[in-house]
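*Asks:*
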Amino acid sequence: MTHPLMELRNVDKFFGSTKALKDISMQVHPGKILCLLGDNGAGKSTLIKVLSGYHQPTNGTVLFEASETRFTGPRDARQRGIATVHQNVGSIPLMSVGRNFFLGAEPIKGKWPFRSIDTKKANKIAVEQMRKFGLTRVENGDQLVGTMSGGERQVLAIGRAMYFGAKMLILDEPTSALGVKEASMVLKMMRVARQNGVGIVFITHNARHAMSVGDDFCVLIQGEVAARFKRNEKSREDVLNLMAGGEDMTALEDDLEQID
Amino acid sequence: MTKYLKKPETGAFAAFLLTYVFFALATPGTGFVSINGTAGWLNLAAELGIVAIPVGLLMISGEFDLSIGSTVGAASMILALGTNQFGGPTWPMIVLALTAGGLIGLCNGLVVVKTKLPSFIVTLATNFIVIGATMGTSRLIANVTSSSIFASDSAKMVFAFRWGQANISILWWLLIAFIGYRVLSRTAFGNWIYATGGNEDSARAAGVPVERVKITLFVATGVAAALVGILQGIQWNSGNSTYGMGYVFQAPIVAVIGGVLLTGGYGSVVGIVFGTALFGVISSGIFYTGWNTDWIQLFLGLLLALAVLANNYVRRLALTSK
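These protein sequence lines are chains A and Y, in that order. So the first sequence is numbered by this note's numbering: it starts at 1 and just counts up by one. So the second sequence is numbered by this note's numbering: it starts at 1001 and just counts up by one.
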């Protein structure tokens, strides 16, 4: 049995007297997709920030690759192979695909004073990498990222993280602003990443998306783990009910109908 | 075709060509298109061009520098007081003037990065502080605000040589343009400039040292402004605190005419060069038509308005698929 890539044990996070996270324990395994489900304000954002090194937990321990770890900051976490892809940020619209892909790690050719970015190489690798994850519409690395759809940008950002050796991907609502086709492209890509042995934390409030790719599920309510289950252990209704805070969704729907 | 329309420099090139042809046709037989006439507009463009390139790069990174005007004057006064009142040797005084320009840029950069205040207002303040300090200090030392410069022959060769009507500053302009082009389009640092202006948070998340990018560009702008002060001072054999005040708005104007977006993140050095050349052609062409030179301002204003509209359009075009 391989050890988990990352593990939280009884983690609390307080901001002053506000308890944002209470006694969270969870494991991220390599080659598995862990879905973090929860309504707005359930503590998903705070948990992402603990996982990606922005916040240190108030109590409890974080283990990365089986050793106890305290990230000094997001840069530290990134260098150890934890890549976070946020909902909106991550790409610069008025720059080309190749330049975006290698931003901060540009391939250089030639000798000073004629050192320059190897644009050809950058464009070629960027396009290849995206093709690997099923994005074939973008053929020209010189194309501006602003011309790509939201889903394609997610593919670019995830492909970039994978290329630079991410062991763990934290995807913050990668599908929530996307149409059906786009979302399925991103979900497919997550499967490819899983096959490559990457551990994925998939944050979402879309139960259908979560059920279609997730291996392990964790439902957060008011900063606490309200439920934890594996694939096929629960139906979609059950999950929705859990996310709504244990209230019966059907009861809510009945209420709504009476308003009409 | 649309591939070229999307490039930031296309508009500036087209406007330059149209304006040049217009003045060439409107002033037959006056020598506007002669070698001397060409040297005339190139001279006008060159010194503005030397500051406009780093100012343009700074704007692409999302910042402004309005302190260039007073830095030009301050550099010329350092050279004047140093070689005249203190009888110092020319070259060390030139180094001193360039260093002062770099330090002004460093102050701008540090204040903007640390306080996160808009650079527009920070550098506007610097502009007044520097010109005030230059005038006050000059008055204290020599009771003047302008003074003669005694430059060595070697310095005159490098900064004031002329072929016919053409100043050596044209070569300096081309050199700075070449460096600017290489840095922006070919180096990793250039990639960081675009990224910093395009989306600062994303750039930082990708590991781009955005603070260092901005500070470096502020320093480069200060040094370039000091270089212009030295060029003008040695050409005219005098330093003056008020040299360069015209550049405060001319430099950002030609950058915008050259296709640089006011919001940052987009633009090119080739575009800035054509924007500056356009400025030279208008300023010089008006003389040849015999019209009152007051019209220059009107022309520039109209061009600026047109350029901003065109840039908006080009950006939208660039962001549509394929």
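Note that CB positions come from ideal geometry on N, CA and C, so glycine has one too.
Count the other CB atoms within 10 Å of the CB of Q143 (chain A); is the residue buried (16 or more) or exposed (fewer)?
*Replies:* Result: buried.
*Asks:* Using the Cα positions of L5 (chain A) and Q27 (chain A), report the straight-line distance between them to the nearest angstrom.
*Replies:* Taking the straight line joining both Cα atoms gives about 8 Å.
*Asks:* Let's test the definition: count the other Cβ atoms within 10 Å of the Cβ of K111 (chain A) and tell me whether it reaches 16, buried, or not, exposed.
*Replies:* Exposed: under 16 other Cβ atoms inside 10 Å.
*Asks:* Please state the DSSP three-state secondary structure of E139 (chain A).
*Replies:* If DSSP states are grouped into helix, strand and coil, E139 (chain A) belongs with coil.
*Asks:* Which runs of the alpha helix (DSSP H) at least 4 residues long sit entirely within the stretch 1145-1227 of chain Y? Give them in chain order.
*Replies:* Entirely contained in the stretch 1145-1227 of chain Y, the alpha helix (DSSP H) runs reaching 4 residues are, in chain order, 1153-1160, 1169-1186, 1188-1198, 1200-1205.
*Asks:* Is T2 (chain A) buried or exposed, if buried means 16 or more other CB atoms sit within 10 Å of its CB?
*Replies:* Counting Cβ neighbours within 10 Å, T2 (chain A) comes out exposed, since fewer than 16 surround it.
*Asks:* Does DSSP classify A77 (chain A) as helix, strand or coil?
*Replies:* If DSSP states are grouped into helix, strand and coil, A77 (chain A) belongs with the helices.
*Asks:* Contact between the stretch 135-152 of chain A and the stretch 80-93 of chain A is defined here as three or more beta-carbon pairs at a separation below 8 Å; is this criterion met?
*Replies:* A contact exists between the stretch 135-152 of chain A and the stretch 80-93 of chain A.
*Asks:* For the alpha helix (DSSP H) containing G179 (chain A), name the first residue and the last one.
*Replies:* No alpha helix (DSSP H) contains G179 (chain A), which DSSP labels as neither H nor E.
*Asks:* Just how far apart, CA to CA, sit Y1288 (chain Y) and V1113 (chain Y)?
*Replies:* Their backbone Cα atoms lie some 46 Å apart in a straight line.
*Asks:* In chain order, what residues of the stretch 131-160 of chain A put their CB closer than 7 Å to some CB of chain Y?
*Replies:* The stretch 131-160 of chain A vs chain Y, Cβ under 7 Å: L144, G146, T147.
*Asks:* Should M1157 (chain Y) be labelled buried (16 or more other beta-carbon atoms within 10 Å of its own) or exposed?
*Replies:* M1157 (chain Y) is exposed by the Cβ-count criterion.
*Asks:* Reducing DSSP to helix, strand and coil, say where N59 (chain A) ends up.
*Replies:* Strand, per DSSP.
*Asks:* Kindly list the residues whose CB is nearer than 7 Å to the CB of K1322 (chain Y), restricted to its own chain and excluding five residues on each side of it in sequence; keep chain order.
*Replies:* Its pLDDT being 49, under 50, K1322 (chain Y) is placed unreliably in this model, and the value from its coordinates should be taken loosely. No residues qualify anywhere along the chain.
*Asks:* Starting from the N-terminal side, write out each stretch of the beta strand (DSSP E) that is 3 residues or longer and does not extend beyond the stretch 176-245 of chain A.
*Replies:* If we require 3 residues or more, the beta strand (DSSP E) runs fully inside the stretch 176-245 of chain A come out as 199-204, 216-221, 224-230.
*Asks:* Compute the Euclidean distance between the alpha carbons of V1111 (chain Y) and L34 (chain A), then round it to the nearest angstrom.
*Replies:* Approximately 45 Å, taken between the alpha carbons.
*Asks:* Starting from the Cα of G104 (chain A), find the closest Cα among Y:F1274, Y:A1045, Y:G1132, Y:S1202 and give me that residue.
*Replies:* Closest option to G104 (chain A), Cα to Cα, is Y:S1202.
*Asks:* Would T1099 (chain Y) and S1152 (chain Y) qualify as a contact pair, given that the criterion is a beta-carbon distance under 8 Å?
*Replies:* It is not a contact, given that the beta carbons lie outside the stated cut-off.
*Asks:* Within its chain, find whatever has a CB closer than 7 Å to the CB of V1055 (chain Y); leave out the 5 residues flanking it on each side and keep chain order.
*Replies:* D1065, I1068, T1221, A1251, P1252, A1255.
*Asks:* Name the DSSP beta bridge partners of I1230 (chain Y), please?
*Replies:* BP columns for I1230 (chain Y) are empty, so no partner.
*Asks:* Taking 8 Å as the threshold (C-beta atoms), are G214 (chain A) and R231 (chain A) in contact?
*Replies:* Yes, they are a contact pair.
*Asks:* Who pairs with A83 (chain A) in a beta bridge, going by DSSP?
*Replies:* According to DSSP, A83 (chain A) bridges with A:L169.
*Asks:* Quick one: does K1322 (chain Y) have its CB under 8 Å from some CB of chain A?
*Replies:* The predicted position of K1322 (chain Y) is uncertain, since its pLDDT is 49 and thus under 50; no value can be drawn from it.
*Asks:* Determine whether the Cβ of N1312 (chain Y) lies closer than 8 Å to any Cβ atom of chain A.
*Replies:* By this cut-off, N1312 (chain Y) is not an interface position.
*Asks:* Taking just the CA atoms, how far does P1008 (chain Y) sit from G1290 (chain Y)?
*Replies:* Their backbone Cα atoms lie some 33 Å apart in a straight line.
*Asks:* Please give me, in chain order, every unbroken run of the beta strand (DSSP E) with length at least 3 that falls completely inside the stretch 23-60 of chain A.
*Replies:* Whole beta strand (DSSP E) segments, 3+ residues: 33-38.
*Asks:* Mind checking if S1061 (chain Y) is an interface residue toward chain A, Cβ cutoff 8 Å exclusive?
*Replies:* So no, S1061 (chain Y) is outside the interface.
*Asks:* Please confirm whether S1146 (chain Y) and L1081 (chain Y) have their CB atoms less than 8 Å apart.
*Replies:* In this structure, L1081 (chain Y) does not lie closer than 8 Å to S1146 (chain Y) by Cβ.
*Asks:* Looking only at its chain, what residues have a beta carbon closer than 6 Å to the beta carbon of L1124 (chain Y), apart from the 5 residues adjacent to it on each side?
*Replies:* Cβ neighbours of L1124 (chain Y) beyond the five flanking positions: L1066.
*Asks:* Let me see if you follow: with CB-CB separation under 8 Å, is P174 (chain A) close to chain Y or not?
*Replies:* Not one chain Y Cβ lies under 8 Å of P174 (chain A).
*Asks:* I believe L220 (chain A) touches L63 (chain A) by the beta-carbon criterion, under 8 Å. Please report the beta-carbon distance rounded to the nearest angstrom.
*Replies:* Actually they do not touch by this definition, with Cβ atoms about 20 Å apart.
*Asks:* Specify, as a first and last residue, the run of the beta strand (DSSP E) that F164 (chain A) falls within.
*Replies:* Premise fails: F164 (chain A) is in no beta strand (DSSP E) and is neither H nor E.
*Asks:* Quick one: give me the first and last residue of the alpha helix (DSSP H) that L103 (chain A) is part of.
*Replies:* From DSSP, L103 (chain A) is part of no alpha helix (DSSP H); its letter is neither H nor E.
*Asks:* Taking 8 Å as the cut-off, decide whether the C-beta atoms of A168 (chain A) and G81 (chain A) are in contact.
*Replies:* Residue identity check: residue 168 (chain A) is Met in the sequence provided, not Ala. Result yes, Cβ atoms of M168 (chain A) and G81 (chain A) sit closer than 8 Å.
*Asks:* Compare the C-beta of T1187 (chain Y) against all C-beta atoms of chain A and say whether one is closer than 8 Å.
*Replies:* Answer yes: the Cβ-Cβ gap between T1187 (chain Y) and chain A drops below 8 Å somewhere.
*Asks:* Which residues of chain Y have a Cβ atom closer than 9 Å to the Cβ of R326 (chain A), listed in chain order?
*Replies:* Any question about residue 326 (chain A) goes unanswered here, given that chain A covers just 1 to 260.
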